[in-house]
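Chemist: Pasting a structure below so you can have a look.
Residue numbers (this note's numbering): 10 to 390.
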């Protein structure tokens, strides 16, 4: 009796590791994410081991050394494999590659999209489509790009990809801390969708330079880019057409609600501040050695960031001053009384012609999610 029980136990144990070893809940434990990745790497060896024990039990029954009712013990193994390989009931995660965006599906004006500018071509990826297809490959002639969407972080990353990086080699393993863990089977690397890095913090093989992404409504993006290409996704009325709260909403992270909206300038040491206080008035602030100017475009609600170092050691501060005569003028600086536009360019005064350096900024992110992936992150006052 001992041998059949041993075979059933070992087969069930291997199947259980395959079925539950990548469960997102493991991430709450100290080495949970490492367990998820190790399980994914050992998935097929564990399946082979489970099948070997099943075949061994079947051989005992066929040779009449054990009764056929022992095969009932293999039912848990079958159930665990079904649990692991069955299609998910919730969010479906696809890797999609397309060359031409379809125009049959047009979102409503207030639906949100992720906008991308790839050289001279623009693309719009609706939130509702990305919720079902969070990993998207875009091919435009000889240009190839991958977009990774983390819905519960309200965050998109986009990268040019090299030819050795293939969509067919990618698999979404699980959702960890409100983002995706993606496995490249051929190259053997795990990619964190939110950071665009490997789990060890390195640059994944095959990913080239980052491509800026913009989050706005379809009406605003279409007005700015009338010739944009539009991605068509699964037309589901249940898919959210706008931002959704993180799964950890309601929790307090370092004294701040996890769902607090933040803006981040992704430098080596990310510069982070709350989004809500940034309105129509220019915000002059300092982060480390960088003196920043933050502006929110009243027409598009896009947040823009500039380095206030305009000339050698000159770091002016700015305040709002709209001009009825020249609508493009929105502010004035304190040092020279020069007049400036939303693009950070002086169009009148002593600094006329000066252009401030614009810095990339990501807006409408969630404090709790970003703090998890960037633990050294600190809010700038």
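Note that CB positions come from ideal geometry on N, CA and C, so glycine has one too.
For residue 23, count neighbouring Cβ atoms within 10 angstroms of its own Cβ and tell me buried if that reaches 16, exposed if not.
Modeler: Residue 23 comes out buried.
Chemist: Do you know offhand how far residue 149's Cα is from residue 237's?
Modeler: Looking at the two C-alpha atoms, the distance is approximately 13 Å.
Chemist: Give me, in chain order, the residues of the same chain whose beta-carbon lies closer than 7 Å to that of residue 380; leave out the 5 immediate sequence neighbours on both sides.
Modeler: The answer, listed in chain order, is 262, 263, 386.
Chemist: With distance defined between alpha-carbon atoms, name the residue in 65, 94, 57, 69 nearest to residue 28.
Modeler: Among 65, 94, 57, 69, the Cα nearest to that of residue 28 is on 94.
Chemist: Quick one: grab the DSSP three-state call for residue 31.
Modeler: In the structure shown, residue 31 sits in coil (DSSP, three-state: anything other than H, G, I, E or B).
Chemist: Considering only residues of the same chain and omitting the five flanking positions on each side of residue 266, which have a CB-CB separation below 8 Å?
Modeler: 258, 259, 260, 376, 377, listed in sequence order.
Chemist: When you compare only the Cα positions, how much space is there between residue 226 and residue 120?
Modeler: Taking the straight line joining both Cα atoms gives about 5 Å.
Chemist: Grab the span of the alpha helix (DSSP H) containing residue 64 for me, first residue to last.
Modeler: Taken as a continuous stretch (DSSP letters only), the alpha helix (DSSP H) holding residue 64 covers 52-71.
Chemist: Can you name, in chain order, every residue of its own chain whose Cβ lies under 8 Å from the Cβ of residue 289, other than the five neighbours on each side?
Modeler: So the list reads 305, 307, 329, once near-sequence residues are dropped.
Chemist: At which residues does the beta strand (DSSP E) containing residue 164 begin and terminate?
Modeler: Start and end: 164-170.
Chemist: Which whole-angstrom value describes the C-beta separation of residue 21 and residue 85, a residue pair presumed to lie in contact below a C-beta threshold of 8 Å?
Modeler: Correct: roughly 5 Å between the Cβ atoms.
Chemist: Between the Cα of residue 35 and the Cα atoms of 204, 184, 312, 83, which residue gives the shortest distance?
Modeler: The shortest C-alpha separation from residue 35 is found at 184.
Chemist: Smallest Cα separation from residue 116: which of 343, 190, 228?
Modeler: Taking only the C-alpha atoms, the option nearest residue 116 is 228.
Chemist: With respect to the beta strand (DSSP E) encompassing residue 146, which residues constitute its N-terminal and C-terminal limits?
Modeler: Per DSSP, residue 146 belongs to the beta strand (DSSP E) from 144-149.
Chemist: If we ignore side chains and look at the alpha-carbon of each, how far apart do residue 101 and residue 139 end up?
Modeler: Residue confidence is low: residue 101 scores 46 on pLDDT, short of 50, so the model does not pin down where it sits. Its coordinate-derived value is still stated next. One C-alpha to the other measures close to 10 Å.
Chemist: In or out: residue 18 buried (at least 16 other Cβ within 10 Å) or exposed?
Modeler: Answer is exposed; the Cβ neighbour count stays below 16.
Chemist: Among 320, 348, 327, 324, which one has its Cα closest to the Cα of residue 333?
Modeler: Closest by alpha carbon: 348.
Chemist: For residue 346, write down the residues that DSSP places opposite it in a beta bridge.
Modeler: Bridge partners of residue 346: none, in fact.
Chemist: Distance, Cα to Cα, residue 4 vs residue 160?
Modeler: Summary: the structure shown does not reach residue 4, with the chain confined to residues 10 through 390, and so no result is reported for it.
Chemist: Compare the Cα-Cα distances from residue 270 to each of 294, 162, 350, 77 and report the closest residue.
Modeler: If we check each option's Cα against that of residue 270, 162 comes out closest.
Chemist: Measure the C-alpha to C-alpha separation of residue 99 and residue 76 and round it to an integer number of angstroms.
Modeler: Residue confidence is low: residue 99 scores 45 on pLDDT, short of 50, so the model does not pin down where it sits. No coordinate-derived value is stated.
Chemist: I need the straight-line Cα distance from residue 205 to residue 338, nearest angstrom please.
Modeler: Taking the straight line joining both Cα atoms gives about 37 Å.
Chemist: May I ask you to report which of helix, strand or coil DSSP gives residue 232?
Modeler: If DSSP states are grouped into helix, strand and coil, residue 232 belongs with the helices.
Chemist: Find out if the Cβ-Cβ distance for the pair residue 256, residue 187 is shorter than 9 Å.
Modeler: For residue 256 and residue 187, yes; Cβs fall inside 9 Å.
Chemist: Would you kindly report the start and end of the unbroken alpha helix (DSSP H) that includes residue 90?
Modeler: Unbroken alpha helix (DSSP H) run through residue 90: 84-94.
Chemist: For residue 325, is the classification buried or exposed, using 16 other Cβ atoms within 10 angstroms of its Cβ as the cut-off for buried?
Modeler: By the 10 Å Cβ count, residue 325 comes out buried.
Chemist: Using the Cα positions of residue 26 and residue 49, report the straight-line distance between them to the nearest angstrom.
Modeler: If you take the alpha carbons of residue 26 and residue 49, they lie about 10 Å apart.
Chemist: Taking the beta carbon of residue 108 as the centre, do at least 16 other beta carbons fall within 10 Å, making it buried, or is it exposed?
Modeler: Any reading at residue 108 must be qualified, since the residue scores a pLDDT of 39, below 50, and its modelled position is unreliable; the value itself is stated next. Its Cβ having fewer than 16 others within 10 Å, residue 108 is exposed.
Chemist: Let me check one thing: in DSSP terms, what residues is residue 159 bridge-paired to?
Modeler: Partner(s): 164.
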